[in-house]
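The block underneath contains the structure these notes are about, expressed in structure tokens.
Residue numbers (my numbering): 1 to 415.
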């Protein structure tokens, strides 16, 4: 809660209301409730081009100006309610000295430690860029608050950035813009509207603390032969079991690591993001902002132990298909002047982000296929896409093989 007298507070709120959609971007009910204090979205890729640093900076700022998205800060507009205040210094840049080594000689985790990581909190930058030159190219790390963007937005942004560097045409921003005004300089932001962490509510504080808990990771590698074998077994069990590699990996990891990752729970909720751009007919395919809705699929401990990998994968598939129904999506959200809004009554019966019993199963395979995004595989290697503290996530290794990484708040046996 902001510590201001009632008269001044009413004046601030009146100013904010008069400037919504101009210099102030209001967040949705969902974003106000669940985004502040959450982990950022992070993307790490290798750019196979030794561009001059001046060219990297100039093209990056052109992309930022083009989308007018990332130069933002959170401010408080009421009790535990937030908006985005545009300002000119909302981006944090980190250009590191060149490393005298090649791409193949560096461990991805070492590069991730060098990245600047942002926080979705009042007064914090909402976007950070880290560039690390090496022999033969540059590692590029992006850290972005999911209050203003999702992975599709980041990919569209990176594609525009690539086109600017190469002097090629690129898609215009969607007309469904969350912000249409001019950026407001940071010296015009009233500091009384930027409370310190100690003044935020307990739920946001606990969210921040949970993101700082030590995590434990384990990677599993999967061959094409493994996927073919599971799909053959699935068809043998039931001809309806037509399942994807992502669903197979999620089911495999869930069965193998459930007792070690979430030992104190009797059930688990899988959250699988659904891209609303692909489902809702009124959402522009190039919508810039957060357009993901988390489908949830629940399993009891007994079901996880009893069900086969194809059975778990098929239930996950059917659950996601239900959420991807156009009528269902229209019933839970609507498009407003300020973008995608979840209906208030949905939040009353929908449980989000319980780190004690949630596992994220991010369906991000297409994001690891640069060619499908107009990015030549000879030019870009996407190495890492982040998820929440307790998660399953699929990535592509540098040599092209597929692996899945499981990360947990709890210590678990690595075998």
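Beta carbons are placed, not taken as given, at the ideal position from N, Cα and C, and that holds for glycine.
Would residue i and residue j be called neighbours here (beta carbons separated by less than 9 Å)?
| i | j | result |
| --- | --- | --- |
| residue 144 | residue 170 | no |
| residue 385 | residue 43 | yes |
| residue 27 | residue 147 | yes |
| residue 272 | residue 408 | no |
| residue 157 | residue 67 | yes |
| residue 290 | residue 329 | no |
| residue 295 | residue 319 | yes |
| residue 241 | residue 301 | no |
| residue 293 | residue 323 | yes |
If contacts are defined as beta-carbon pairs under 8 Å, then residue i and residue j qualify, I think. What distance do you get, rounded to the angstrom?
| i | j | result |
| --- | --- | --- |
| residue 134 | residue 99 | 5 Å |
| residue 220 | residue 253 | 7 Å |
| residue 427 | residue 316 | Outside the shown range of the chain (1 to 415) lies residue 427, about which nothing can therefore be said. |
| residue 50 | residue 165 | Contact flag wrong, Cβ pair sits at about 12 Å. |
| residue 103 | residue 136 | 6 Å |
| residue 243 | residue 233 | Their Cβ separation, rounded to whole angstroms, is 10 Å, which puts residue 243 and residue 233 out of contact at 8 Å. |
| residue 155 | residue 129 | Residue 155 to residue 129, Cβ: 15 Å. No contact. |
Within 10 angstroms of the Cβ of residue i, are there 16 or more other Cβ atoms? Answer buried if so, exposed if not.
| i | result |
| --- | --- |
| residue 225 | exposed |
| residue 73 | buried |
| residue 366 | Interpretation of residue 366 is limited by its pLDDT of 47, a score under 50 that renders its predicted location unreliable; no figure is taken from the coordinates. |
| residue 31 | buried |
| residue 153 | buried |
| residue 11 | exposed |
| residue 125 | buried |
| residue 247 | buried |
| residue 321 | exposed |
| residue 314 | buried |
| residue 369 | Interpretation of residue 369 is limited by its pLDDT of 48, a score under 50 that renders its predicted location unreliable; the figure taken from the coordinates is listed afterwards. Classification for residue 369: exposed. |
| residue 213 | exposed |
| residue 432 | Here the chain comprises residues numbered 1 to 415, so residue 432 is not present and cannot be evaluated. |
| residue 22 | exposed |
| residue 85 | buried |
| residue 406 | buried |
Pick from the options: whose alpha carbon is nearest that of residue i?
| i | options | result |
| --- | --- | --- |
| residue 159 | 138, 47, 337, 264 | 47 |
| residue 81 | 121, 72, 66, 111 | 121 |
| residue 403 | 346, 282, 193, 250 | 250 |
| residue 345 | 17, 337, 357, 332 | 332 |
| residue 39 | 16, 59, 117 | 117 |
| residue 189 | 293, 83, 142 | 83 |
| residue 161 | 268, 223, 101, 63 | 63 |
| residue 34 | 201, 168, 228 | 201 |
| residue 191 | 277, 123, 24 | 123 |
| residue 36 | 204, 325, 334 | 204 |
| residue 176 | 284, 58, 65 | 284 |
| residue 142 | 209, 60, 195 | 60 |
| residue 326 | 53, 357, 280 | 280 |
| residue 411 | 216, 114, 18 | 216 |
| residue 423 | 19, 299, 163, 41 | As shown, the chain starts at 1 and ends at 415. That puts residue 423 outside it, with no answer to give. |
| residue 310 | 286, 229, 356 | 229 |
Using beta carbons (cut-off 9 Å, strictly below), is residue i in contact with chain D?
| i | result |
| --- | --- |
| residue 241 | The chain labelled as chain D is not found in the depicted structure, where only one protein chain is given. |
### Message
What ranges does the beta strand (DSSP E) occupy inside the segment 258 to 313, keeping only unbroken runs of at least 3 residues that lie completely in it?
### Response
267 to 275, 292 to 300
#### Entry: Uninterrupted beta strand (DSSP E) stretches inside the segment 135 to 164 (no shorter than 3 residues)
The qualifying runs are 137 to 144.
### Query
Of all the alpha helix (DSSP H) runs that stay within the bounds of the segment 218 to 243, which reach a length of 4 or more residues?
224 to 237
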